[in-house]
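**Q** Here it is, the structure, as structure tokens.
2 protein chains.
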Amino acid sequence: MAASAGPEIERLIGLLAKLPGLGPRSARRAALALLKRRDQLLEPLSAALLEAKAKVRACGVCGALDSRDPCQVCSDPERDRTLICVVEEVGALWALERGGAYKGLYHVLGGLLSALDGVGPETLRVRELLARTGEVKEVILALPATVDGQTTAHYLAERLSASGVALTMLARGLPVGGELDWLDDGTIAQALRARRPA
Amino acid sequence: MAASAGPEIERLIGLLAKLPGLGPRSARRAALALLKRRDQLLEPLSAALLEAKAKVRACGVCGALDSRDPCQVCSDPERDRTLICVVEEVGALWALERGGAYKGLYHVLGGLLSALDGVGPETLRVRELLARTGEVKEVILALPATVDGQTTAHYLAERLSASGVALTMLARGLPVGGELDWLDDGTIAQALRARRPA
């Protein structure tokens with residue numbers, strides 16, 4: 001804690017420490033940086049937070065966060081509307097967009113099925129996904145390579161089987177720059193099983 | 199970047215990325231966390247920022263950040279007023295307060311002398327320090343063990359020499375839990391030079 005620096009600083013540090021990536025120590029450093037640069041950083045950040053709160057919404061179609069609804073991707077006429085990529089969260093969507101290789105639409109599930117955390121299909125945006133399969137030819141499941149990710153993928157595969165869309169998932173294998181020495185056994189086994197002609 | 203998520207999200211991420219300890223990637227994660235927890239996190243953080251901006255000031259006596267002026271330490275009758283600990287920045291003051299071992303007053307310099315960065319004595323709170331030496335018996339220089347820290351310590355020693363106060367500095371040596379294997383040569387050499395009877 002900042003000891004005797006008053007309740008306002010304590011509160012600011014406490015809230016900053018709740019952000020992912022910031023612990024108590026870095027939250028203190030961030031609070032100091034903000035208090036030192038009031039006009040250039042503290043005030044604009046406060047304003048940006050309120051503006052984001054007021055304007056940013058979940059896209060009614062795909063669930064992405066955007067100040068437009070439908071979002072930029074959903075309303076882009078250049079996008080391939082026969083392709084939907086299913087992601088767990090908006091962060092994954094952003095990562096795919098940064099890659100720049102994907103030109104279809106998205107569907108944000110809002111989580112993964114999890115028996116442990118008691119997350120059932122009704123809390124995810126599954127119904128919304130099934131309702132979108134009309135003109136869609138392929139659904140790409142871009143879910144994480146975890147137990148919950150794979151459980152969710154299997155569940156979605158079952159629910160989508162009747163719709164007749166092609167179902168694919170992201171390839172598994174060596175990441176770019178991946179040295180075999182440093183990779184876990186699971187990834188190496190996957191890459192070996194999925195080997196292809198050189 | 200968050201690609202096509204709209205200018206509000208971009209601006210929020212850009213400002214978060216300016217905080218120490220947050221890079222572009224963690225700023226995106228922080229922005230997502232804030233947008234997911236609007237009422238519990240985003241709104242309180244925005245309010246806490248504005249409140250801190252409005253209420254937190256530099257203490258007129260020692261330069262610490264506080265919502266009271268003079269600050270909690272300066273106005274605490276339990277504190278030893280014959281002792282002033284000189285620190286570079288408020289972060290160092292907080293660190294000493296967390297330690298809980300120091301019961302005197304502080305003086306925040308607001309930086310260090312630096313020929314490289316063009317920081318001269320007139321930009322630091324040196325004059326304010328000299329003006330406080332009236333009832334003071336000892337000034338502890340708690341400055342970092344860097345070139346600039348030591349330059350500043352030497353400069354302050356010279357300026358304070360006429361006042362007749364005792365001048366001390368923090369001990370150098372092994373940190374608590376420090377294994378010799380992992381310490382840099384400089385620290386080991388210092389600890390050896392400053393060795394004392396066991």
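Taken in sequence, the protein lines are chains A and B.
If you count by my numbering, then the first sequence holds residues 1 to 198, one letter each, in order.
If you count by my numbering, then the second sequence holds residues 199 to 396, one letter each, in order.
Just so it is clear, CB atoms sit at the ideal spot from N, CA and C, and this is done for glycine as well.
1) Roughly how many angstroms separate the alpha carbons of E274 (chain B) and R266 (chain B), rounded to a whole number?
2) Of all the beta strand (DSSP E) runs that stay within the bounds of the region 302–331 of chain B, which reach a length of 3 or more residues?
3) Using a Cβ-Cβ cut-off of 8 Å, state whether K251 (chain B) counts as contacting chain A.
4) Is R296 (chain B) buried or exposed, if buried means 16 or more other CB atoms sit within 10 Å of its CB?
5) Tell me the rounded alpha-carbon separation between Y201 (chain A) and E8 (chain A).
6) Would you say L201 (chain A) and A246 (chain B) are within 8 Å of each other, going by their C-beta atoms?
7) On a CA-only basis, which of B:C260, B:A293, B:T350 is nearest Y304 (chain B)? Give me that one, please.
8) Check whether the Cβ of E241 (chain B) lies closer than 8 Å to any Cβ atom in chain A.
9) When you compare only the Cα positions, how much space is there between V345 (chain B) and D185 (chain A)?
10) Q150 (chain A) versus chain B: which residues are under 8 Å apart at the beta carbon?
11) If you count every other CB in all the chains shown that lies within 10 Å of the CB of W380 (chain B), and 16 or more means buried, which is it?
12) Any Cβ of chain B within less than 8 Å of the Cβ of E8 (chain A)?
13) Would A340 (chain B) and W94 (chain A) qualify as a contact pair, given that the criterion is a beta-carbon distance under 8 Å?
14) If you follow the beta strand (DSSP E) that A166 (chain A) is in, where does it begin and where does it stop?
15) What does D278 (chain B) reach in chain D if we use C-beta pairs closer than 9 Å?
16) Give, in chain order, every unbroken run of the beta strand (DSSP E) that is at least 3 residues long and sits entirely within the region 75–102 of chain A.
17) Express the C-alpha separation of K53 (chain A) and M1 (chain A) in angstroms, rounding to a whole number.
18) State yes or no: is the C-beta of L35 (chain A) within less than 8 Å of the C-beta of L263 (chain B)?
19) State buried or exposed for T152 (chain A), treating a residue as buried only when at least 16 other CB atoms are found within 10 Å of its CB.
20) Which residues in chain A sit within 9 Å of V288 (chain B), going by Cβ to Cβ distance?
21) Report the option in B:A355, B:L281, B:L311 whose CA atom is closest to the CA atom of E287 (chain B).
22) Using 10 angstroms around the beta-carbon of S244 (chain B), count the other beta-carbons present and answer buried if the total reaches 16, otherwise exposed.
23) Among A:G104, A:G111, A:R132, whose alpha-carbon lies nearest the alpha-carbon of T123 (chain A)?
24) Are the C-beta of S359 (chain B) and some C-beta of chain A separated by less than 8 Å?
25) Pop quiz: A198 (chain A) and R172 (chain A) are said to be a contact at Cβ under 8 Å. What is the actual Cβ separation, rounded to whole angstroms?
26) Looking at the structure shown, is L372 (chain B) part of a helix, part of a strand, or coil, going by DSSP?
27) Name, please, each residue of chain B whose Cβ falls closer than 8 Å to the Cβ of R28 (chain A).
28) Secondary structure at M1 (chain A), three-state DSSP: helix, strand or coil?
29) Mind checking the region 61–80 of chain A against chain B and listing, in chain order, the residues whose C-beta falls within less than 9 Å of any C-beta there?
30) Locate the beta strand (DSSP E) running through E336 (chain B), then write down its first and last residues.
31) Could you please give the first and the last residue of the uninterrupted alpha helix (DSSP H) stretch that includes R209 (chain B)?
32) Could you check the C-alpha separation between P20 (chain A) and A229 (chain B) for me, to the nearest Å?
33) For A17 (chain A) and P24 (chain A), which I take to be in contact (beta-carbon distance under 8 Å), what is that distance rounded to the nearest angstrom?
34) Whose C-alpha, out of B:A387, B:L390, B:R279, is nearest the C-alpha of R330 (chain B)?
**A** From the atom records:
1) Per the sequence shown, residue 274 (chain B) should be read as Asp rather than Glu. Distance between the alpha carbons of D274 (chain B) and R266 (chain B): 12 Å.
2) 302–306
3) yes
4) Residue environment analysis places R296 (chain B) among the exposed positions, since fewer than 16 neighbouring C-beta atoms fall within 10 angstroms of its C-beta.
5) For chain A, the structure presents residues 1 to 198; residue 201 (chain A) sits outside this window and is missing.
6) This structure cannot speak to residue 201 (chain A), because chain A is shown only from 1 to 198.
7) B:C260
8) yes
9) 48 Å
10) What Q150 (chain A) touches in chain B: nothing, since even the nearest Cβ is about 23 Å away.
11) The residue is exposed, with fewer than 16 neighbouring Cβ atoms inside 10 Å.
12) yes
13) no
14) 166–169
15) No chain D appears in this structure, whose protein chains are A and B.
16) Counting only runs of 3 or more, we get 80–87.
17) Bear in mind that a pLDDT of 43 at M1 (chain A), under 50, signals an unreliable position, so the number given afterwards is only what the model happens to contain. Approximately 28 Å, taken between the alpha carbons.
18) yes
19) The residue in question, T152 (chain A), is buried, as its Cβ has 16 or more Cβ neighbours within 10 Å.
20) A2, A5, L32, L35, K36
21) B:L311
22) buried
23) A:G111
24) With its beta carbon at least 8 Å from every one in chain A, S359 (chain B) lies outside the interface.
25) Rounded to whole angstroms, the Cβ separation of A198 (chain A) and R172 (chain A) is 18 Å, and the two are not in contact under 8 Å.
26) Note: L372 (chain B) maps to coil in three-state DSSP.
27) G289, W292
28) In this predicted model, M1 (chain A) has a pLDDT of only 43, less than 50, meaning its place in the structure is not dependable enough to derive any value.
29) A64, L65, D66, S67, R68, C71, Q72, V73, D76
30) 336–339
31) 205–214
32) Here the C-alpha atom of P20 (chain A) lies approximately 9 Å from the C-alpha atom of A229 (chain B).
33) At roughly 5 Å, the Cβ-Cβ gap stays under 8 Å, so A17 (chain A) and P24 (chain A) are in contact.
34) B:R279
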